[in-house]
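Chemist: One structure, as structure tokens, below. Some questions next.
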Amino acid sequence: MANSTSSNSIKSTKTSSKPVKKINRSGKDKKTKSQKPLLTKEELTEMNYLREIVPTALNCEDPAVFLQNVATYIGSLTTRVVQKVHAGELPKDVMLRLNMIRNYKRSAKNRLTKRK
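Structure, rendered in structure tokens:
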């Protein structure tokens, strides 16, 4: 009888088509153990500061989605400022400040590409 039980278990193992996922002894997947944190401590501090100053509707748990929401929000604010300057609702020197920021970003980017 003992032989029939072992032969049945062998047959059922061979006919099983689903692969078995092996888990290490701690119960965690091996990939999660070797992953580095997504953000540094400084980046997390900056993100928390952003969470305080942007509208609460933009906040979410996923850092990538949150940063995408913030970038979209900043883009829409910039567009509104440009529209108000063109409509005469804001002075033109506001545009000069925006252009100075853009030019600074471009020059910083050029400096980085020249170093490589």
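Per UniProt numbering, the sequence shown starts with residue 1, numbered consecutively. Even for Gly, the Cβ is constructed at its ideal location relative to N, Cα and C. Just so we're clear, the structure is a prediction, and the values are computed from it rather than from any experiment.
Rounding to the nearest angstrom, what Cα-Cα distance links A57 and G88 in this structure?
Modeler: Along the sequence shown, one-based indexing puts residue 57 at 57. Along the sequence shown, one-based indexing puts residue 88 at 88. Approximately 30 Å, taken between the alpha carbons.
Chemist: Pull up the distance between the alpha-carbon of A64 and that of R80, whole angstroms please.
Modeler: Taking the sequence shown and counting its residues from 1, the one referred to as residue 64 is at position 64. Taking the sequence shown and counting its residues from 1, the one referred to as residue 80 is at position 80. Cα to Cα, A64 sits roughly 24 Å from R80.
Chemist: Any idea what DSSP makes of A87, helix, strand or coil?
Modeler: Indexing the sequence shown from 1 puts residue 87 at position 87. If DSSP states are grouped into helix, strand and coil, A87 belongs with coil.
Chemist: Within the continuous alpha helix (DSSP H) that includes E46, where are the two ends?
Modeler: Counted from its first residue, the sequence shown places residue 46 at position 46. 41-53 is the span of the alpha helix (DSSP H), which, as asked, contains E46.
Chemist: With distances taken Cα to Cα, identify the nearest neighbour of M47 among P55, L38, L67.
Modeler: Here residue 47 refers to the residue found at position 47 when the sequence shown is read from its first residue. Answer by Cα proximity: L67.
Chemist: On the premise that L98 lies in contact with T78, defined as a C-beta separation below 8 Å, what is that separation, rounded to the nearest angstrom?
Modeler: As a working mapping, residue 78 is identified with position 78 in the sequence shown. As a working mapping, residue 98 is identified with position 98 in the sequence shown. Contact flag correct, Cβ pair sits at about 7 Å.
Chemist: Indicate whether V70 and V54 have their beta-carbon atoms separated by less than 8 Å.
Modeler: Residue mapping note: residue 70 aligns to position 70 of the sequence shown, counting from 1. Residue mapping note: residue 54 aligns to position 54 of the sequence shown, counting from 1. Going by C-beta atoms, V70 is nearer than 8 Å to V54.
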